[in-house]
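Number of protein chains: 2
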Amino acid sequence: MGETPEFDSAFRARLKDLFIWRRDVRRFRHTALPGGALERLIEIACLAPSVGLSEPWRFVAVDDAEARRAVRSCFETCNGDALNGYSGERAALYARLKLEGLTEAPAQLAVFVERTPAQGHGLGRRTMPETIEYSAVMAIHTMWLAARAEGLGLGWISIFDPQRIAAILQAPPDWTLVGYLCIGYPAAEDDAPSLEREGWERREKPLLIRR
Amino acid sequence: MGETPEFDSAFRARLKDLFIWRRDVRRFRHTALPGGALERLIEIACLAPSVGLSEPWRFVAVDDAEARRAVRSCFETCNGDALNGYSGERAALYARLKLEGLTEAPAQLAVFVERTPAQGHGLGRRTMPETIEYSAVMAIHTMWLAARAEGLGLGWISIFDPQRIAAILQAPPDWTLVGYLCIGYPAAEDDAPSLEREGWERREKPLLIRR
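Chains as they are written, first to last, in the working numbering: chain A, 30 to 240; chain B, 30 to 240.
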């Protein structure tokens with residue numbers, strides 16, 4: 030065991046800044062990631078908690094131009110369907126939103142889970158098997174924060190048919206897509222969500238009930 | 030917009046320490062949380078990303094002794110069932126694990142999601158509705174990191190019948206339990222997961238495939 034670190038109030042203030050300035054990035058510069066950055070971010074991601082220490086996360090870096098085109102096409106189909114679900118002003122607003130950085134982002138990473146891994150021996154997921162996916166979500170969030178601390182932006186796209194993405198990437202049959210990530214240097218920094226800046230939605234006070 | 034913060038290499042090293050020293054805590058001191066700590070942690074949790082800015086997280090602080098007893102009883106039933114799923118050495122090992130801090134932890138917090146909130150106008154969750162739960166998972170993970178930076182430990186218990194917990198806490202019918210959290214000062218600090226220290230499972234190298 031290493032020496033227990035002290036986290037002081039200056040660190041906590043900076044950590045809060047990190048939470049405040051982490052953005053879901055859709056506008057990227059074309060600049061490539063530094064060498065080894067993706068591998069380093071994945072290594073940090075794996076420090077996330079996982080149910081029963083199952084570490085169910087599986088990473089697929091999407092480099093191939095043909096695969097990227099197919100992913101983009103899947104997004105366009107799903108996004109068109111989503112647009113058709115809105116009408117009037119809301120549809121016009123939706124159509125103006127930029128919801129992905131699939132063309133510019135230098136790195137793209139699909140994160141899957143192996144739904145029933147041997148690792149972890151099933152601990153903690155008998156009654157709530159969705160904790161397998163939740164583990165990968167925390168790995169993604171860990172990577173997201175680490176990326177932002179390096180000046181890198183991450184955008185999580187969920188406007189996809191997850192089974193189609195799995196097919197494009199030839200994922201094994203027992204893998205489930207959790208998130209599709211674009212990673213690169215952001216075109217701009219901001220402390221407010223883009224959906225707030227663009228008038229789609231506003232943040233609200235959280236609801237805390239006492240029982 | 031505030032002034033963009035700089036995150037330097039010293040901060041990144043400390044952030045990595047935070048990821049390394051965050052633990053799923055099951056052994057707590059009885060010491061109460063500082064006044065306002067839970068509310069502050071919830072406020073920080075809400076800086077997490079959420080699909081379509083839907084902020085679907087709903088928090089229930091569980092203070093009532095009778096409710097806590099019912100929660101504990103639910104854990105015991107589910108944990109007994111889980112133990113029955115193992116045999117031999119593995120069962121003996123499982124029986125020795127301490128998987129919850131429900132008796133000692135001064136604060137207990139159930140985190141639910143509202144599955145189909147009006148907020149966010151459905152954006153991003155048409156094809157992957159599970160991103161609603163994923164948003165709450167990232168709020169929990171944000172709180173977890175912020176707590177650790179304050180010297181507080183958090184333990185996430187998933188060995189529960191989620192519908193029973195919702196019933197005990199009189200959650201509205203459209204709320205789904207995502208996680209049940211124990212929060213307090215940890216009995217000890219460590220840089221290795223307790224399941225590793227106790228011989229249940231080991232960490233493995235992540236799998237990265239390139240397509």
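No residue lacks a Cβ here, since even glycine has one placed at the ideal position from N, Cα and C.
In this structure, the CA atom of L44 of chain A is about 11 angstroms from the CA atom of A175 of chain A. Proximity of H59 of chain A to chain B, defined by a Cβ-Cβ separation below 8 angstroms, is not satisfied. The alpha-carbon of A66 of chain A is positioned some 15 angstroms away from that of P215 of chain A.
Looking at the backbone, the Cα of F40 of chain B and that of F48 of chain A are separated by about 14 angstroms. Contact between the stretch 143-160 of chain B and the stretch 202-209 of chain B is present, with at least three C-beta pairs closer than 8 angstroms. Against chain A, the beta carbon of V80 of chain B has neighbours under 8 angstroms at S187, listed in chain order. If you look at G213 of chain A, you'll find it in the beta strand (DSSP E) that goes 204-213. From the beta-carbon of E129 of chain A, no residue of chain B is found nearer than 7 angstroms; the closest lies around 10 angstroms away.
At least one beta carbon of chain B lies nearer than 8 angstroms to the beta carbon of Y163 of chain A. Contact check for L181 of chain B against L76 of chain B fails: the beta carbons are separated by 8 angstroms or more. By the rule that beta-carbons nearer than 8 angstroms mark a contact, W204 of chain B does not touch chain A. Listed in chain order, the positions of the stretch 96-117 of chain A with a beta carbon within less than 8 angstroms of a beta carbon of chain B are A96, C107, D110, A111, G114, Y115. Listed by position along chain A, the residues whose Cβ is nearer than 9 angstroms to that of I49 of chain B are G31, P34, L76. In terms of beta-carbon proximity, P135 of chain B stays away from the interface with chain A, with every pair separated by 8 angstroms or more. The beta carbon of R101 of chain A sits closer than 6 angstroms to the beta carbons of L131 from its chain, once the five residues preceding and following it are set aside; these are given in chain order. For the pair of segments examined, the stretch 181-193 of chain B was found not to touch the stretch 221-229 of chain B: the number of CB pairs separated by less than 8 angstroms stays below three.
Sequence-distant partners of E225 of chain A (beyond 5 residues in either direction) whose C-beta falls short of 7 angstroms from its own C-beta, in its chain, are R231, R232. In this structure, the beta-carbon distance from I212 of chain A to L128 of chain A does not fall below 8 angstroms.
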